[in-house]
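J.:
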Amino acid sequence: MSAERASREAIGVRARSLSRVFDGGVVAVDDLTLDVAAGSFVALLGPSGCGKSTLLRMIAGLDRPTSGELTLEGERERALAFVFQDAHLLPWRSVLDNVALPLELMGASKPERVARAHDVIAEVGLSDAEQRFPGELSGGMRMRASLARAVITRPRLLLLDEPFAALDEITRQKLDDQLRALHRAHAMTVLFVTHSIAEAAYLAERAVVFSSRPARITLDHTIGLGVERGTATRSSPEFAREMGELQRGLEGGGSR
Amino acid sequence: MKRVLPPLVAFVLFLAIWEGAVRAFEIKEYMLPPPSAVAKAFVGDFGALGRAFVTTATATLAGFGLGIVLGVSTGVVLASSRLLERAVYPYVVLLQTVPIIAIAPMLNIWVGPGLRASTLSALIVSVFPIIANTITGVRSVDPALRDLFKLYGAGPVQTLVKLALPSALPNIFTGVRIAAGLSVIGAIVGEFVAGFNDDAAGLGIKILVANKQLRTDVAFAAVGMASALGLLMFVAVGATATRLTRRWHASAK
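In order, the protein sequence lines correspond to chains U and B.
To get the numbering used here, take the position in the first sequence, counting from 1, and add 38.
To get the numbering used here, take the position in the second sequence, counting from 1, and add 120.
1. Going by the CB atoms, is the gap between L82/U and V189/U shorter than 8 Å?
2. If I measure Cβ to Cβ from I220/B and keep anything under 7 Å in the same chain, skipping five residues before and after, which residues do I get?
3. Excluding the five sequence neighbours on either side, which residues of its own chain have a C-beta within less than 8 Å of the C-beta of F354/B, listed in chain order?
4. Strictly below 7 Å CB to CB, what residues from chain B border A37/U?
5. Going by DSSP in three states, A75/U sits in which element: helix, strand or coil?
6. Note down, in chain order, every chain U residue with its Cβ under 8 Å from the Cβ of R363/B.
7. Between the beta-carbon of L164/U and the beta-carbon of A183/U, is there less than 8 Å?
8. To the nearest angstrom, how far is it from the Cα of H259/U to the Cα of L56/U?
9. Express the C-alpha separation of G87/U and S45/U in angstroms, rounding to a whole number.
10. Going by alpha carbons, who is nearest to A98/U out of A278/U, A119/U, V231/U and P85/U?
11. Below 8 Å on the Cβ atoms is my guess for D70/U versus L93/U; work out the distance and round it to an integer in Å.
12. Would you say A274/B faces chain U, with C-beta separation under 8 Å as the test?
13. Suppose only complete runs of 4+ residues qualify. What are the alpha helix (DSSP H) ranges in the stretch 185-247 of chain U, listed by chain order?
14. For the putative contact between L213/U and M181/U, defined by C-beta atoms under 8 Å, what is the C-beta separation to the nearest angstrom?
15. Rounded to whole angstroms, how far is the Cβ of L185/U from the Cβ of Q216/U, which I believe are closer than 8 Å?
16. Distance, Cα to Cα, T362/B vs P290/B?
17. Does the Cβ of G140/B have 16 or more other Cβ atoms within 10 Å, making it buried, or fewer, making it exposed?
18. Within 10 angstroms of the Cβ of L204/B, are there 16 or more other Cβ atoms? Answer buried if so, exposed if not.
19. Measure the alpha-carbon distance for P286/B versus W130/U and round it to whole angstroms.
20. Spatial neighbours of V67/U within its chain, please: C-beta separation below 8 Å, excluding the five flanking residues on both sides.
21. Can you check DSSP and say which residues form a bridge with D258/U?
22. Measuring straight from C-alpha to C-alpha, what distance separates V158/U and A264/B?
23. Three-state secondary structure (DSSP) at G112/U?
24. Quick one: is G292/U buried, meaning 16 or more other Cβ sit within 10 Å of its Cβ, or exposed?
25. Express the C-alpha separation of E266/U and Q278/B in angstroms, rounding to a whole number.
26. Any idea what DSSP makes of G322/B, helix, strand or coil?
27. Would N198/B and I255/B be called neighbours here (beta carbons separated by less than 8 Å)?
28. Using a Cβ-Cβ distance under 8 Å, would G177/U count as near chain B?
29. Grab me the residues of A320/B's own chain with a C-beta within less than 6 Å of its C-beta, minus the 5 sequence neighbours each way, in chain order.
30. Anyone know if the C-beta pair for I292/B and G257/B falls short of 8 Å?
31. Between the beta-carbon of L128/U and the beta-carbon of Y272/B, is there less than 8 Å?
32. In whole angstroms, give me the CA-to-CA distance for P155/B and G322/B.
33. Enumerate in chain order the residues of its own chain whose CB-to-CB distance from H221/U is below 7 Å, with the five nearest sequence positions on each side excluded.
34. Going along chain U, which residues have a C-beta under 8 Å from P286/B?
35. Could you spell out the range, first to last residue, of the alpha helix (DSSP H) harbouring V158/B?
36. Step through the CB atoms of chain B and report whether any lies within less than 8 Å of the CB of M181/U.
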């Protein structure tokens with residue numbers, strides 16, 4: 039997949055003076071302006087409860103801004119996918135049926151959705167567990183099924199809300215690599231919410247750092263680690279430098 | 121065998137103590153018949169008791185089945201709107217608090233005597249726990265999964281069939297389990313006032329008539345059959361719940 043094709047097909051995000059005030063006067067997002075280029079991988083980094091998840095939900099159309107303008111550029115049809123903090127699979131369905139669910143809801147035929155489910159399940163390395171139920175899987179396997187469910191619709195904008203936060207470090211690092219591979223394989227923009235500096239530095243091409251609530255941008259930083267990243271990247275001086283940069287951004291925004 | 125043996129031993133011991141106590145204290149049979157007399161009445165009156173069992177089981181199953189349909193559908197409708205729930209739910213609770221024995225004579229007038237009255241009585245007592253548990257189940261659907269369905273453009277029917285009902289199934293079965301036992305009680309109470317003719321008399325009528333004739337042994341045999349019916353219903357519901365939810369819900373594992 040060439041970068042040019044990816045940027046042509048993926049969806050970009052344009053937010054202008056975006057605010058979200060909840061009932062009771064809690065300001066989650068305040069006057070936020072942000073552009074996300076189509077096809078890019080952007081980490082939204084900030085302390086817990088700073089409003090970054092609210093921003094993601096507004097982009098997904100699951101919440102509405104109180105004021106401001108939010109545009110999804112290049113959106114000819116609704117092609118978003120959302121990965122939640124936990125896997126949130128339907129416990130009464132097998133992995134195969136869970137992964138095929140979005141196509142089922144969108145009215146795809148059974149042969150089509152089963153064939154595509156097989157493909158994406160293989161992509162995340164879960165083929166052996168297709169007939170198993172979520173309760174029979176480890177946390178990491180459940181999250182891989184959740185990722186497969188998200189990409190089965192071939193989304194052009196993938197939104198992830200701290201998806202790996204509850205996993206152990208080794209599983210988390212494996213899933214980081216899997217997510218980067220999915221981003222390369224599918225023409226999509228990825229917006230990844232996290233409060234982990236290391237995860238933001240490793241995964242993203244660009245990290246946007248937020249202050250504590252209400253979410254305001256304290257740093258907008260391009261990660262200079264190149265496209266190919268692996269185990270060696272995590273122990274490189276460049277990685278440490280990028281983490282230091284993001285750390286300073288976080289400290290600049292204050293913490294809760 | 122390990123599951124069956126302890127209650128079986130306890131039951132045999134209980135019967136032995138009962139039999140021994142009645143003989144030792146020379147208790148009159150019309151006050152408390154020994155298990156051997158109950159067994160004798162059961163065998164001697166088996167044909168009539170069997171027919172009574174079928175009549176009561178018919179009313180119980182009909183009332184229970186209608187209770188499931190009405191309970192789940194009412195629960196789903198009430199759970200769909202807080203306003204509707206606030207408006208209607210107090211009256212549903214009222215239905216539960218009205219003693220069935222007090223309104224049973226009215227059932228005779230409303231739907232006519234016989235099977236219809238006892239079925240309606242079984243329905244009235246079994247519907248409330250199903251409604252209450254269905255509402256809890258549907259309300260407890262994971263909000264993230266609701267968001268997921270919304271994101272993929274699922275309509276209300278898709279969300280109900282593919283998300284809310286399966287998600288609420290363990291709760292629904294909790295209500296159905298309670299209703300299974302209650303429906304037998306409802307049918308028997310209904311029969312007390314339903315005025316069956318003798319051929320179609322249920323276990324409730326058998327108990328009433330036997331008590332009036334001081335045939336306590338027959339009354340005990342009929343009560344035993346009513347309990348067996350309740351137990352059968354409970355076991356059948358439990359087996360269905362396990363079959364449908366065992367791979368994914370802790371309550372069935």
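A virtual CB, placed ideally from N, CA and C, is assigned to each residue, including glycine.
T.: With the given structure in hand:
1. For the purposes of this step, residue 189/U is identified with residue 151 of the first sequence, where counting begins at 1. For the purposes of this step, residue 82/U is identified with residue 44 of the first sequence, where counting begins at 1. Not a contact, by the Cβ cut-off of 8 Å.
2. For the purposes of this step, residue 220/B is taken as the residue at position 100 of the second sequence. Exclusion of the five residues before and after I220/B leaves S241, I244, V245, G306 and V309 as the residues of its chain whose Cβ lies within less than 7 Å of its Cβ.
3. Residue 354/B sits at position 234 when you count from the first residue of the second sequence. So the qualifying residues of the chain are R297, A300 and G301.
4. A query on residue 37/U cannot be resolved here, the shown segment of chain U reaching from 39 to 294 and no further.
5. Counting from one through the first sequence, the residue named residue 75/U turns up at place 37. Look at A75/U here: in three-state DSSP terms it is coil, with no helix or strand label.
6. Position 243 of the second sequence, counted from the first residue, corresponds to residue 363/B. Result: empty, since nearest Cβ-Cβ is about 12 Å, beyond 8 Å.
7. Locating residue 164/U in the first sequence gives position 126, counting from the first residue. Locating residue 183/U in the first sequence gives position 145, counting from the first residue. Taking 8 Å as the cut-off, the Cβ atoms of L164/U and A183/U count as close.
8. Stepping through the first sequence from its first residue, residue 259/U is reached at position 221. Stepping through the first sequence from its first residue, residue 56/U is reached at position 18. Going from the Cα of H259/U to the Cα of L56/U covers about 20 Å.
9. Here residue 45/U corresponds to residue number 7 of the first sequence, with the count starting at 1. Here residue 87/U corresponds to residue number 49 of the first sequence, with the count starting at 1. Any reading at S45/U must be qualified, since the residue scores a pLDDT of 46, below 50, and its modelled position is unreliable; no value is offered.
10. If you number the first sequence from 1, residue 98/U lands on position 60. Nearest option by C-alpha distance: A119/U.
11. Here residue 70/U refers to the residue found at position 32 of the first sequence. Here residue 93/U refers to the residue found at position 55 of the first sequence. In the sequence on display, residue 70/U carries Leu and not Asp. Yes, they are in contact, since the Cβ atoms of L70/U and L93/U sit about 7 Å apart, within 8 Å.
12. Position 154 of the second sequence, counted from the start, is the residue given in the question as residue 274/B. Interface residue, yes.
13. Unbroken alpha helix (DSSP H) stretches of 4 residues or longer found wholly inside the stretch 185-247 of chain U: 207-223 and 235-241, given in chain order.
14. Here the question's residue 213/U lines up with position 175 in the first sequence. Here the question's residue 181/U lines up with position 143 in the first sequence. Sure, about 6 Å apart at Cβ, within 8 Å.
15. To locate residue 185/U, count along the first sequence from 1; it is residue 147. To locate residue 216/U, count along the first sequence from 1; it is residue 178. Indeed, because the Cβ distance is near 7 Å, the residues count as touching under 8 Å.
16. Residue numbering aside, residue 362/B sits at position 242 when the second sequence is read from its first letter. Residue numbering aside, residue 290/B sits at position 170 when the second sequence is read from its first letter. Roughly 10 Å between the two C-alpha positions.
17. The residue you call residue 140/B lines up with position 20 of the second sequence. Looking at its Cβ environment, which holds fewer than 16 other Cβ atoms inside 10 Å, G140/B is exposed.
18. Within the second sequence, the letter at position 84 stands for residue 204/B. In summary, L204/B is exposed, with fewer than 16 beta-carbon neighbours lying within 10 Å of its beta-carbon over all protein chains present.
19. Indexing the second sequence from 1 puts residue 286/B at position 166. Indexing the first sequence from 1 puts residue 130/U at position 92. If you take the alpha carbons of P286/B and W130/U, they lie about 7 Å apart.
20. For the purposes of this step, residue 67/U is identified with residue 29 of the first sequence, where counting begins at 1. Excluding residues up to 5 positions away in sequence, L56, S57, R58, G89, T92, L93, M96, P103, P252 and A253 lie with their Cβ nearer than 8 Å to the Cβ of V67/U in the same chain.
21. Looking up residue 258/U in the first sequence gives position 220. According to DSSP, which records beta bridges pairwise, D258/U is partnered with V246/U.
22. Position 120 of the first sequence, counted from the start, is the residue given in the question as residue 158/U. Position 144 of the second sequence, counted from the start, is the residue given in the question as residue 264/B. Spanning the two alpha carbons is a distance of roughly 22 Å.
23. One-based indexing of the first sequence puts residue 112/U at position 74. Per DSSP, reduced to three states, the secondary structure at G112/U is coil, with no helix or strand assignment.
24. Within the first sequence, residue 292/U is the residue found at index 254, counting from 1. Confidence is the limiting factor: at G292/U the pLDDT is only 44, short of 50, which leaves the residue's position unreliable, though a coordinate-based value still follows. Counting Cβ neighbours within 10 Å, G292/U comes out exposed, since fewer than 16 surround it.
25. Looking up residue 278/B in the second sequence gives position 158. Looking up residue 266/U in the first sequence gives position 228. Straight-line Cα distance between these residues: approximately 42 Å.
26. Looking up residue 322/B in the second sequence gives position 202. The answer is coil: DSSP assigns G322/B none of H, G, I, E or B.
27. On the second sequence, position 78 is the one that residue 198/B refers to. On the second sequence, position 135 is the one that residue 255/B refers to. Here residue 198/B is Leu; the residue named in the question, Asn, does not match the sequence. Judged by their CB atoms, L198/B and I255/B are nearer to each other than the 8 Å cut-off.
28. Residue mapping note: residue 177/U aligns to position 139 of the first sequence, counting from 1. Chain B contact via Cβ: absent.
29. Within the second sequence, numbered from 1, the residue matching residue 320/B stands at position 200. T175, listed in sequence order.
30. As a working mapping, residue 292/B is identified with position 172 in the second sequence. As a working mapping, residue 257/B is identified with position 137 in the second sequence. The answer is yes: Cβ separation under 8 Å.
31. Residue numbering aside, residue 128/U sits at position 90 when the first sequence is read from its first letter. Residue numbering aside, residue 272/B sits at position 152 when the second sequence is read from its first letter. In this structure, L128/U keeps its C-beta atom at 8 Å or more from the C-beta atom of Y272/B.
32. The residue given as residue 155/B occupies position 35 in the second sequence. The residue given as residue 322/B occupies position 202 in the second sequence. If you draw a straight line from the Cα of P155/B to the Cα of G322/B, it is about 22 Å long.
33. For this step, residue 221/U is matched to residue 183 along the first sequence. Taken in chain order, the residues that qualify are F79 and V228.
34. Stepping through the second sequence from its first residue, residue 286/B is reached at position 166. P286/B reaches chain U at L128 and W130, counting residues in chain order whose Cβ is nearer than 8 Å.
35. As a first step, residue 158/B must be located in the second sequence, where it is residue number 38. Looking at the DSSP string, the run of the alpha helix (DSSP H) that includes V158/B is P155 to G164.
36. Against the first sequence, residue 181/U aligns to sequence position 143. Chain B contact via Cβ: absent.
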